[in-house]
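I have placed the structure first, in the form of structure tokens, so that the comments after it can refer back to it.
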Amino acid sequence: MAAVCSKLALECTVYMGVIDARRQSVNVVEMKILGAEVVVVGRCAGTLRDATNEALRASIYDLDRSFYAMGSSIGPHPYPIMVHTFQSVIG
């Protein structure tokens with residue numbers, strides 16, 4: 001998502017659980033280089049689920065400026081198609 005936003009000159013905030021952020025520290029650095037803000041969620045267990053909940057809260061709080069886009073092709077239409085399309089841009 002950070003690569004797509006960078007390419008399109010869009011702001012990007014990525015939410016990651018603390019466990020995933022530690023395990024994928026190289027990816028965190030790359031996303032920051034691309035201009036994304038990376039929010040590491042340490043609440044509760046610091047899992048993907050916690051990060052997803054925090055991202056949804058943030059997007060609902062700022063509906064005029066935000067759009068919640070999943071990094072995995074899960075959820076109702078059109079999210080799986082969007083994720084597939086966005087990921088095809090970055091390979």
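According to the working numbering, the stretch in the sequence shown is residues 1 to 91, in order.
A virtual CB, placed ideally from N, CA and C, is assigned to each residue, including glycine.
Exercise. If we ignore side chains and look at the alpha-carbon of each, how far apart do Q24 and I60 end up?
Worked result: The alpha-carbon of Q24 is positioned some 27 Å away from that of I60.
Exercise. Looking at V18 and V41, is the spacing between their C-beta atoms short of 8 Å?
Worked result: For V41 and V18, yes; Cβs fall inside 8 Å.
For this session: Have a look at M70 and Y79 and give me their C-alpha separation to the nearest angstrom.
Result: Between M70 and Y79, the alpha-carbon positions lie close to 7 Å from each other.
Problem set entry | Which of helix, strand or coil DSSP assigns to T47 | For T47, the secondary structure class from DSSP, reduced to helix, strand or coil, is coil.
Exercise. Per DSSP, which one or two residues make a beta bridge with D17?
Worked result: Looking at the sequence provided, one finds Gly at residue 17 rather than Asp. In the DSSP assignment, the residues bridged to G17 are V41.
Exercise. How is the alpha helix (DSSP H) around Q87 delimited, first residue to last?
Worked result: Going by DSSP, Q87 is part of the alpha helix (DSSP H) stretching over Y79 to I90.
Problem set entry | Three-state secondary structure assigned by DSSP to C5 | In the structure shown, C5 sits in a helix (DSSP, three-state: H, G or I).
For this session: Round the Cβ separation of K7 and V89 to the nearest angstrom and send it over; I've been treating them as touching at under 8 Å.
Result: So it is a contact: roughly 7 Å between Cβ atoms.
For this session: Identify which residue in L56, V29, T52 and F67 has its Cα closest to the Cα of E11.
Result: Taking only the C-alpha atoms, the option nearest E11 is F67.
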